[in-house]
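Note sheet for the following structure.
Number of protein chains: 2
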Amino acid sequence: MYSAENKIIDAHWPRYTENSTIDKEKRLKLCYLKYKFEGTINDNKPILNLIFSHATGMNKSIWKYYIKRLKKLAFMKDDYPFVIGSMITVDHVQHGDSGVLNKDNLGTEFNWTDGARDVIKVVMEERSNDDAFKKGNNILIGHSFGGFLSVYAAFLEPLLFQDIITIEPVIYGRHSDPSAAPPPEGYKTMGNSGLLSALARGIKDEFDSKEEAVEWLRRTSFFSPFESELLEYFISDEVIQRPDGKWTTKISKEQHLTCYKGYDSSVPMGMSSVQFIKNRVLHVVGGSATWNPPETTNFLIKNLENSDRIIVPNGTHTVPEEQPDDVLKIIKSRLTETGFSLQEPIALTAKPKL
Amino acid sequence: MYSAENKIIDAHWPRYTENSTIDKEKRLKLCYLKYKFEGTINDNKPILNLIFSHATGMNKSIWKYYIKRLKKLAFMKDDYPFVIGSMITVDHVQHGDSGVLNKDNLGTEFNWTDGARDVIKVVMEERSNDDAFKKGNNILIGHSFGGFLSVYAAFLEPLLFQDIITIEPVIYGRHSDPSAAPPPEGYKTMGNSGLLSALARGIKDEFDSKEEAVEWLRRTSFFSPFESELLEYFISDEVIQRPDGKWTTKISKEQHLTCYKGYDSSVPMGMSSVQFIKNRVLHVVGGSATWNPPETTNFLIKNLENSDRIIVPNGTHTVPEEQPDDVLKIIKSRLTETGFSLQEPIALTAKPKL
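Protein chains in written order, with the UniProt record's numbering: chain A, 1 to 354; chain B, 1 to 354.
Have a look at this one:
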């Protein structure tokens, strides 16, 4: 009942800094996979389109685990107060298939707000070509770096998005709290904290055989604790052979680190944006996660006007990949809530008088 | 040597709030006048394109005084280290010709950041259709509300703009300083300060004859202190006859106040954005101006990384309309400086190492 189509569009242009690309005028590409509901939607339930954004180093296929299960809701649509129209999984510019297409044009800097502009570009593209998409409501779902993108996209274009589910978003840094001036003790950036070098030691992008690459991803990499079915989807979309015969990941080590390094310039912008966001936001937190400073969750709940928080017991920072069933349950329940709220007659907005 | 062309394009979509328009899907229009250099540019001087944004209640034609004099520089190009490619004067969505086209679709709210998106839309439109524009460097020049737009446009798309001249920009409010929490004493919005009602009493948009309208604008309105040639350009682009025979200003009183009222939602966003702007900004201040809180100027100089300030002696908040020769002199001198800096060989950017 859902068709699947690989799409390639131009990424947002211009990028945020001169060093974002090698050639300033050349357009980066954005690859995404669109699953589109092909049945007839003849009831009055709201149509929801889901746009998924992966974390640093991952790719669109980590969401396949979710897509497979969410597709089934189409057969049970009487049980739910919504219909899923399209589901879109994006490979962000240096990741997955986009990373392969862009490899000769990616620069040494990546400001994450460009990722938010790319998400907006995808939605605008779909709206201009797909009537069903135009009628639908857009729900952004993003993890970690992808959680940042989802929130910042709502800051940039609030009317495009009817709900945001942000899972362990990286959008708060103790050292970059704009309300704390001068910087508190321990002020540091990812660049000078030693974290980037530690990450660099854990990343590998050259292998002699496919088996070696797969084994490394499965057993040694940051990704090894992922739920096994989900991990296999990720790996099968990530390992490719280079022209010289060697095997590699679609994201290069250099671009993987460039994306991490974007933290320093991006997180303060994210922190400063949240006070202006009035969209509905669900903030999903891993109960045992330590990647984000512990203040993150209160900061978001306090500053996002219309937000809720839900904690996944025992969840780590990669909870959507390690405990996908728990996160899927949360997503389904949030979509149900969103479906009901969109079915309510629109309140007669009291137009403010001058 | 310069052609003049009236252009109409779709304004940025989506707008910032549901109440920005009556029909959410309908596109607002944006009218602008483009003066394009038609001679051959065969030296190696940088081409500068100037994009002018007017203040609340004004229209594109207040810049005619400037355009007329800046055009003459084309005959004296040996004296200047730049060539002016195009000059664009915009009627923002509720103003001038745009206001007339949009009158049945404008809503009850206007967030000024939409004006910044519209400026970006104009530049992107010109870049896609005009090769000379593509090669040029874009200089934003904006007054008051238009000064806000120019600064915020640089926050949204830093690489599109090579210089910003912001004259008495409204981008700081004592009551909305995000670093001061809780709000300091005297916390108030334009809506509750009484200022909006006072402004409402000073605005009129219905007249029995053309002469009555012109006389009111010339002698009674906020605009009466404008330099006389400049005032006549403004008036001749502003007074029109309605289908019912009455005469009116192109901006309606309601939309004039809606734009003022946008202050409350927009200024905090502007204040929060400036810390991230690395573009060159020249901040022109009226030496006797009282519209902005006196802290505005220090706030901008401190927070805009690459900014300069210049004070016009005896200037009020409407200094570009009251003392246009003084402001013109500042603009010419800044363009000269920009021309020289763009002629310098581009420094070999040290690409940051991971």
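The beta carbon of each residue, even a glycine, is placed where N, CA and C say it ideally should be. Treat the numbers as computed from the prediction; the structure is a model and nothing was measured.
**Report entry** Continuous alpha helix (DSSP H) assignments of at least 4 residues falling wholly in the region 122-197 of chain A
**Finding:** 131-135, 145-156
Query raised in the report: So is residue 280(A) in contact with chain B if we call contact Cβ pairs under 8 Å?
Result: no
Report task. Report yes or no: do the region 86-101 of chain B and the region 27-46 of chain B share at least 3 C-beta pairs separated by less than 8 Å? Result -> Yes, since at least three Cβ pairs between the region 86-101 of chain B and the region 27-46 of chain B fall closer than 8 Å, the two stretches touch.
Query - Classification of residue 8(A) by the beta-carbon crowding that lies within 10 angstroms, buried from 16 upward - result: When all chains shown are included, residue 8(A) counts as exposed.
Requested in this report: With residue 286(B) as the anchor, note down where its alpha helix (DSSP H) starts and where it stops.
Outcome: First-last for residue 286(B): 280-286, but that is the beta strand (DSSP E), not the alpha helix (DSSP H).
Query raised in the report: How would you call residue 112(A), buried or exposed, if buried means at least 16 neighbouring beta carbons within 10 angstroms?
Result: buried
Query raised in the report: Counting only beta-carbon atoms, is residue 15(A) nearer than 8 Å to chain B?
Result: yes
Report task. Examine the Cβ distances between the region 264-284 of chain B and the region 163-172 of chain B and report whether three or more of them are shorter than 8 Å. Result -> Yes, the region 264-284 of chain B touches the region 163-172 of chain B.
Query raised in the report: Between the C-alpha atoms of residue 335(B) and residue 42(B), what's the straight-line distance to the nearest angstrom?
Result: Note on geometry: alpha-carbon atoms of residue 335(B) and residue 42(B) lie some 19 Å from one another.
Query raised in the report: Would the beta-carbon of residue 136(A) fall within 8 Å of that of residue 85(A)?
Result: The Cβ atoms of residue 136(A) and residue 85(A) lie closer than 8 Å to each other.
**Report entry** Same chain only: Cβ atoms within 7 Å of residue 138(B), ignoring 5 sequence neighbours per side
**Finding:** 49, 51, 123, 160, 161, 162
Requested in this report: Output, in chain order, the set of chain A residues within a Cβ distance shorter than 9 Å of residue 160(B).
Outcome: Within chain A, the residues near residue 160(B) are 14.
Query - Spatially closest choice to residue 17(B) from 158(A), 305(A), 318(A), by CA coordinates - result: Here the closest residue by C-alpha is 158(A).
**Report entry** Closest Cα partner of residue 120(A) within the set 154(A), 109(A), 102(A)
**Finding:** When only C-alpha atoms are compared, the closest one is 154(A).
Query - Reduced DSSP category for residue 5(B) - H, G, I as helix; E, B as strand; rest coil - result: strand
Query raised in the report: Hey, does residue 157(B) have any beta-carbon neighbour from chain A nearer than 8 Å?
Result: At least one beta carbon of chain A lies nearer than 8 Å to the beta carbon of residue 157(B).
Requested in this report: Would you kindly report the start and end of the unbroken alpha helix (DSSP H) that includes residue 296(B)?
Outcome: Unbroken alpha helix (DSSP H) run through residue 296(B): 296-303.
Query raised in the report: Can you tell me the Cα-Cα spacing of residue 204(A) and residue 253(A), whole angstroms?
Result: 6 Å
Query raised in the report: From this set, 2(B), 102(B), 88(B), 171(B), which residue's C-alpha is nearest residue 26(B)'s C-alpha?
Result: The alpha carbon of residue 26(B) has as its nearest neighbour, out of 2(B), 102(B), 88(B), 171(B), the alpha carbon of 102(B).
Query raised in the report: Any idea if residue 353(A) is buried or exposed, counting beta-carbon neighbours within 10 angstroms, 16 or more meaning buried?
Result: For residue 353(A), the pLDDT reaches just 43, beneath the cut-off of 50, and the residue's location in the model is therefore unreliable, although a value from the coordinates is still provided. Exposed, since its Cβ has fewer than 16 Cβ neighbours within 10 Å.
Query raised in the report: What first and last residue would you give for the alpha helix (DSSP H) that runs through residue 67(B)?
Result: 64-71
Query - chain A contacts made by the region 263-279 of chain B, where a contact means CB separation under 9 Å - result: Here the close residues are 265, 268, 269, 272, 273, 275, 276, 278.
Report task. Give the straight-line distance between the Cα atoms of residue 404(B) and residue 256(B), rounded to the nearest whole angstrom. Result -> Residue numbering for chain B in the displayed model covers 1 to 354; residue 404(B) lies beyond these limits and cannot be assessed.
Query raised in the report: Between residue 196(B) and the rest of its own chain, which residues show a CB-CB distance below 8 Å, the 5 nearest in sequence each way excluded?
Result: 190, 257, 260, 261
Report task. May I ask which residues mark the beginning and end of the alpha helix (DSSP H) holding residue 34(A)? Result -> Note, residue 34(A): premise wrong, no alpha helix (DSSP H); beta strand (DSSP E) at 29-37.
**Report entry** C-alpha distance - residue 152(A) paired with residue 81(B), whole-angstrom precision
**Finding:** Taking the Cα positions, residue 152(A) is about 40 Å away from residue 81(B).
Query - Residues near residue 339(B) by beta carbon distance below 6 Å, same chain, minus five either side - result: 46, 81, 82
Query raised in the report: Given that residue 321(B) touches chain A, what residues does it touch there, using C-beta distances under 9 Å?
Result: Those do not exist, as residue 321(B) stays about 25 Å from chain A at its closest Cβ, beyond 9 Å.
Query raised in the report: Which residues, in chain order, does the region 195-207 of chain B contribute to contact with chain A at a C-beta distance below 8 Å?
Result: 196, 200
Query raised in the report: Between residue 173(A) and residue 148(A), what straight-line distance do the alpha-carbon atoms span, to the nearest angstrom?
Result: 12 Å
Query raised in the report: Leaving out five residues before and five after residue 200(A) in sequence, what residues of the same chain have Cβ atoms less than 8 Å from its Cβ?
Result: Contacts found: 253, 257.
Query raised in the report: Would residue 156(B) pass as a contact of residue 117(B) if the rule is Cβ separation under 8 Å?
Result: yes
**Report entry** C-alpha gap between residue 413(B) and residue 251(B), whole angstroms
**Finding:** Only positions 1 to 354 of chain B appear in this structure, which leaves residue 413(B) out of reach.
**Report entry** residue 49(B): first and last residue of the uninterrupted beta strand (DSSP E) it sits in
**Finding:** 47-53
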